[in-house]
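>
Residue numbers (UniProt numbering): 1 to 410.
#1: When DSSP labels each residue in this structure, what does residue 29 get in the three-state scheme?
#2: Less than 8 Å separating the beta-carbons of residue 346 and residue 259?
#3: Does the segment 299–313 come close enough to the segment 237–257 to have 3 or more Cβ pairs within less than 8 Å?
#4: Using C-beta distances below 8 Å, list every residue in its chain close to residue 417, excluding the 5 sequence neighbours before and after it, in chain order.
#5: Answer yes or no: do residue 137 and residue 150 have a C-beta to C-beta separation smaller than 8 Å?
#6: Could you give the residue range of the beta strand (DSSP E) that holds residue 164?
#7: Whose C-beta lies closer than 7 Å to the C-beta of residue 22 among residues of the same chain, with five residues either side of it excluded?
#8: Where are the beta strand (DSSP E) runs, 3 residues long or more, that stay fully inside the segment 119–182, in chain order?
#9: Determine, for residue 261, whether the minimum Cβ-Cβ distance to residues of chain B falls below 8 Å.
#10: Determine the extent of the beta strand (DSSP E) in which residue 241 is found, giving its start and end residues.
#11: Determine the DSSP secondary structure at residue 19, reduced to helix, strand or coil.
#12: Using the Cα positions of residue 49 and residue 354, report the straight-line distance between them to the nearest angstrom.
#13: In terms of alpha-carbon separation, which member of 125, 287 and 254 lies closest to residue 352?
#14: Looking at the structure shown, is residue 42 part of a helix, part of a strand, or coil, going by DSSP?
#15: Which partner residues does residue 260 have in the DSSP bridge list?
#16: Express the C-alpha separation of residue 226 and residue 192 in angstroms, rounding to a whole number.
#17: Identify which residue in 358, 99, 279 and 91 has its Cα closest to the Cα of residue 168.
#18: Across which residues does DSSP place residue 228 in a beta bridge pair?
#19: Report the residue from 72, 279 and 325 whose alpha carbon sits nearest the alpha carbon of residue 310.
#20: Can you find at least 3 beta carbon pairs, one from the segment 83–102 and one from the segment 280–295, that sit closer than 8 Å?
#21: Does the beta-carbon distance from residue 317 to residue 326 come in below 8 Å?
#22: Mind checking whether the beta-carbon of residue 289 lies closer than 7 Å to any heavy atom of the ligand ZN?
#23: How do the segment 95–105 and the segment 52–62 stand: do at least 3 beta-carbon pairs fall below 8 Å, yes or no?
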């Protein structure tokens, strides 16, 4: 991986470790079929339709770090990081991942992300969930508080006291908050405004005047300081869910909703008249969305390196003021774009644009979430009826009535 310098395993070396990893996923799925794709639990975008569930159910909250997600697979011979493409990277030097009795981990699978600590300049692996410990996948079927305790007890705490971990990759638990501690969590997130770059001179960070956020917390084991792009609300009572979990919710700031698209390049032989198109994944494969008007200098630079950029995956955010998508970064850790439903979720979130203040009010003040009044449940009461006061109070209504279809003449 480019960010931390860990070597990617060759196909032959990867084949030595893959059977053990696959066996864990098969036991988790209770299936003998070979696992396909990245098995990590995937959140859905939080929208107003989730607010009542978020208010009423038991949830824990984590800051959403601006890092790269990896599964950490530990054996006695090596500790590997597996990305979304299931490319495997060996963590060197060996990070001495030990159990409380001093034995090395074998068959442990953790979920987390690799982030760069902005205070120390070092990369750290922040763990927020567990799929297996010493080959035992039953821990993944426990509730989230039990899983968090297992991470601390069997993974992060024993190695924190071992002298051989000096100079190795730091493996730490992410901070976890109760819903009532949301104000404390937000107080540890600072925003830094980025000066908008000129359209023809914007850099690979995207520019556009979007504010950058940083999460910082001084803990007993050292400072946590990393980029932040939102929150993750994790349901306590559910086990670890492979692939998409509709109760696992991610909240991004209104200006930070992003989509991963496939990029197509078309141009003349001289590379002067370049056209860029975006695509998303659907049931019929990769579907072309439309032409997007990126800065001319950027398009020409991409076209000049055609083999690297054509059909690659890029992350984009929608600029509502400009009415166009803006490029943020290339996603070398992904081999396919977002599915159509993810694109729709992103566009819905942009349209709703839930501010932090409203999220705090709905989740922490104890008042009912939208559409939660007693009379809503009366027989025959339609939640989405314009006559429902809860609905009209929580949903922006157009001042214009819907069009009435004219009767078809005989």
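For glycine and all other residues, C-beta sits at the position ideal for the given N, C-alpha and C.
Keep in mind that this is a model prediction, so the values were computed, not measured.
Reading off the structure:
#1: Helix.
#2: Yes. Within cutoff.
#3: Cβ pair count under 8 Å is below three, so no.
#4: Nothing about residue 417 can be read from this structure; the chain reaches only from 1 to 410.
#5: For residue 137 and residue 150, no; Cβs fall outside 8 Å.
#6: Per DSSP, residue 164 belongs to no beta strand (DSSP E) and is neither H nor E.
#7: Setting aside the 5 residues that flank it on each side, residue 22 is surrounded in the same chain by 34 and 35, each with a C-beta closer than 7 Å to its C-beta; the list follows chain order.
#8: Every beta strand (DSSP E) stretch that sits fully inside the segment 119–182 and reaches 3 residues is listed by chain position as 123–132 and 170–173.
#9: The structure shown contains no chain B; it holds only a single protein chain.
#10: No residue range can be given for residue 241, since it is assigned to no beta strand (DSSP E) and is classified by DSSP as neither H nor E.
#11: DSSP places residue 19 in helix when its eight states are reduced to three.
#12: One C-alpha to the other measures close to 12 Å.
#13: Among 125, 287 and 254, the Cα nearest to that of residue 352 is on 254.
#14: The answer is strand: DSSP assigns residue 42 an E or B state.
#15: 315, per the DSSP bridge assignment.
#16: So the alpha carbons of these two residues sit roughly 13 Å apart.
#17: From the listed residues 358, 99, 279 and 91, the smallest Cα separation to residue 168 is found for 91.
#18: Its beta-bridge partners are 65 and 213.
#19: Of 72, 279 and 325, the smallest CA-CA separation from residue 310 is found for 279.
#20: As far as the Cβ criterion goes, the segment 83–102 does not touch the segment 280–295, which means the pair count is below three.
#21: Judged by beta-carbon spacing, residue 326 lies within the 8 Å limit of residue 317, meaning their Cβ atoms are closer than that value.
#22: For the ligand ZN, the structure offers nothing, since it holds no ligand at all.
#23: Contact check between the segment 95–105 and the segment 52–62: fewer than three CB pairs, one atom from each, fall below 8 Å, which does not count as touching.
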